[in-house]
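Taking it in order: structure first as structure tokens, then the write-up.
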Amino acid sequence: MAAASLALPGFHGEHGHHVDYYAHPQYKFDYGVSDHKTGDMKNQWETRDGDVVKGGYSLHEADGTIRQVEYTADKHNGFNAVVKRIGKAVHPHVVHHHGGHYGGAVGGHYGGASSFANGNNFAYGHHGGHHY
2 MAAASLALPG
12 FHGEHGHHVD
22 YYAHPQYKFD
32 YGVSDHKTGD
42 MKNQWETRDG
52 DVVKGGYSLH
62 EADGTIRQVE
72 YTADKHNGFN
82 AVVKRIGKAV
92 HPHVVHHHGG
102 HYGGAVGGHY
112 GGASSFANGN
122 NFAYGHHGGH
132 HY
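The structure is reproduced here in structure tokens:
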């Protein structure tokens with residue numbers, strides 16, 4: 002029977018050598034979008050130091066209000082958030098178009114659409130036939 006020996010670089014046969022694989026997590030970010038063409042307005046930020054996370058975001062809602070959220074999370078208190086709505090909701094004025102049936106449908110009602118873009122507070126819908 003033959004004996005074999007394997008030598009590994011950096012291994013000296015030490016027992017009980019402990020390597021700490023826990024690295025203290027730490028990061029920070031902040032970003033925002035401001036697109037006046039589409040009306041997409043939002044931002045977010047967050048920091049982490051160990052097991053404590055703090056952050057927040059805000060965005061412009063379709064009704065004209067701004068939603069602001071601030072949150073914290075840690076192993077003792079869990080996740081907690083405070084949500085605020087700033088401003089007064091402005092609901093679009095609906096313009097109705099009355100007419101017949103679309104495509105010869107009997108007693109049908111084929112959809113409608115509404116839009117809210119670039120500050121024009123008008124929603125357009127088609128209502129024809131029977132209303133249920």
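In my numbering, the protein residues as written are 2 to 133. Just so it is clear, CB atoms sit at the ideal spot from N, CA and C, and this is done for glycine as well.
Member of the options whose CA lies at the smallest distance from the CA of residue i
i: Asp64; options: Val34, His25, Gly56 and Pro93; result: Pro93
i: Gln27; options: Thr48, Ser35 and Val84; result: Thr48
i: Val91; options: Ile67, Phe30 and Asn44; result: Ile67
i: Leu1; options: Val20, Gly88, Ala24 and Val95; result: In this structure the chain extends from 2 to 133, so residue 1 is not present and cannot be described.
i: Gly33; options: Gly17, Asn44 and Gln69; result: Asn44
i: Val70; options: Thr39, His19, Gly56 and Val96; result: Gly56
i: Gly79; options: Ala24, Asp36, Val96 and Asp52; result: Asp52
i: Val83; options: Lys76, Asp41 and Tyr72; result: Tyr72
i: His25; options: His18, Val54 and Val96; result: Val54
i: Lys76; options: Asp36, Asp50, Met42 and Asp41; result: Asp50
i: Trp46; options: Ser35, Phe30, Gly40 and Lys38; result: Phe30
i: Tyr58; options: Thr39, Lys38 and Arg86; result: Arg86
Strand pairing of residue i, partner residues [DSSP]
i: Gly33; result: Asn44
i: Asn78; result: DSSP output for Asn78 lists no bridge partner at all.
i: Thr73; result: Lys55 and Asn81
i: His61; result: Ile67
i: Tyr23; result: The partner list for Tyr23 (beta bridge, DSSP) is empty, contrary to what the question assumes.
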